[in-house]
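Take 2 as the starting number for the sequence shown in my numbering and just add one per residue.
Beta carbons: idealized from backbone N, C-alpha and C, even for Gly.
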Amino acid sequence: MFIPLYDTNKLRHIRLQYVTIGLIALNTLIYLVTALAGENFANAAVLGLGYIPSVVHDSVELAPQFVVIPESLSYVTYSFLHADIFHLGGNMLFLWVFGDNVEDALGHVRFLVFYLLCAIAGAFFQGLIAWDSQVPLIGASGAIAGVVAAYLILYPRVKVWVLAFARIPLRIPAFIPLILWILFQIVMFAAGGEDQVSWACHVGGIIAGAVLVLILRNRAVPLLARADEEALVVAGEVPVAADPAPNDPQPAQPAPRWGRGSASNPD
């Protein structure tokens with residue numbers, strides 16, 4: 002419904018969102034490696050690094066040639082694999098638009114922890130819903146869902162540019178596309194939508210992001226920030242004009258003297 006393009010939300014507590022940039026670079030690099038290495042390698046990576054509930058829950062054993070990490074690590078590694086360029090591009094676009102400001106609000110280290118915990122929560126919720134599933138879960142969507150939920154809580158009224166219906170550019174408050182996106186994930190999960198999309202993972206990430214942002218955010222960052230300029234005032238970054246100071250009383254001046262010597266100052 003809405004494709005985010007960019008926001009007008011400036012960084013206030015960090016100079017550069019290098020964790021966000023690093024995550025985008027890492028996800029892209031892993032996708033390129035798996036895509037260029039061929040279909041067999043990509044399939045092996047999905048089975049070895051993807052999150053498979055039945056394997057993690059020990060109801061099914063993975064073939065030895067695909068066992069490359071401890072099963073518990075797949076709660077994280079799955080989130081760095083993507084099925085195709087559109088899957089990767091959609092997730093990384095959301096991370097690029099919204100991740101920098103969440104990183105700004107949390108700090109670099111806490112944002113990385115936040116991101117990974119949202120990914121874990123997405124896989125965990127998927128495992129609860131589909132305990133014996135043998136279908137590998139891959140993609141950063143759980144972590145991205147957490148970022149979206151955090152942004153909504155932190156900056157609901159900041160303006161964002163979006164493409165409505167993939168065609169119409171609009172500049173609207175962030176809460177409009179983000180609430181609609183979150184509601185869509187919940188409705189699709191409740192309705193049991195497309196089998197190829199893990200709506201449960203998205204919902205798990207949303208819940209984790211909404212909770213974790215309250216715990217991990219910098220206490221100097223307000224919740225539910227207003228529109229851009231107003232948010233700067235709340236944060237104390239825009240000086241508020243002071244009332245003009247009253248003119249200092251001037252000492253009484255002697256009355257001018259006309260005539261000779263009137264231009265001279267007394268000793």
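Query: Buried or exposed: Met93, going by 16 or more other Cβ atoms within 10 Å of its Cβ?; Result: buried
Query: How about Phe115 and Val149: do their beta carbons lie closer than 9 Å?; Result: no
Query: Identify every run of the alpha helix (DSSP H) within the region 29-55, keeping only runs that are complete inside it and at least 4 residues long; order them along the chain.; Result: 40-50
Query: Between the Cα of Asp59 and the Cα atoms of Glu72, Gly49, Leu153, which residue gives the shortest distance?; Result: Glu72
Query: By the three-class DSSP mapping on this structure, what secondary structure does Ala146 have?; Result: helix
Query: Do the region 144-164 and the region 173-186 touch if we need at least three Cβ pairs shorter than 8 Å?; Result: yes
Query: Tell whether a beta-carbon distance below 9 Å holds between Leu82 and Gly51.; Result: yes
Query: Excluding the 5 residues flanking Phe185 on each side, which residues of the same chain have their C-beta closer than 8 Å to its C-beta?; Result: Met2
Query: Could you work out which residue in Val214, Leu48, Asn219 is closest to Gln66 when comparing CA atoms only?; Result: Leu48
Query: Taking the alpha-carbon positions, what's the Leu27 to Thr21 distance?; Result: 10 Å
Query: Whose CA, out of Leu107, Phe126, Leu215, Ile169, lies closest to the CA of Trp200?; Result: Phe126
Query: Measuring only from the beta carbon, is Tyr156 closer than 8 Å to any heavy atom that is part of the ligand FMN?; Result: By its list of ligands, the structure shown contains no ligand whatsoever, and the ligand FMN lies outside what it can speak to.
Query: Starting from Pro174, follow the beta strand (DSSP E) in both directions and report where the run begins and ends.; Result: 169-174
Query: Can you give me the Cβ contacts of Ser134 inside the same chain, cut-off strictly under 7 Å, excluding the 5 residues immediately before and after it?; Result: Pro54, Ser55
Query: Tell me Asp8's beta-bridge partners as DSSP assigns them.; Result: Val161
Query: Roughly how far, in whole angstroms, is the beta-carbon of Leu213 from the beta-carbon of Leu96, given that I think they are within contact range, below 8 Å?; Result: No, Leu213 and Leu96 are not in contact; Cβ-Cβ is about 16 Å, not under 8 Å.
Query: Kindly indicate which three-state DSSP category Phe166 falls into: helix, strand or coil?; Result: coil
Query: Could you check which residue in Asp196, Leu74, Gly108 has the C-alpha nearest to that of Ala131?; Result: Asp196
Query: Across which residues does DSSP place Phe67 in a beta bridge pair?; Result: The partner list for Phe67 (beta bridge, DSSP) is empty, contrary to what the question assumes.
Query: Report the three-state DSSP secondary structure of Asn138 (helix, strand or coil).; Result: The displayed chain sequence assigns Leu, not Asn, to residue 138. In the structure shown, Leu138 sits in a strand (DSSP, three-state: E or B).
Query: What do you reckon, are the CB atoms on Tyr79 and Ile139 nearer than 9 Å?; Result: yes
Query: What do you get for Asn10, buried or exposed, if any count of 16 or more other CB atoms within 10 angstroms of its CB means buried?; Result: buried
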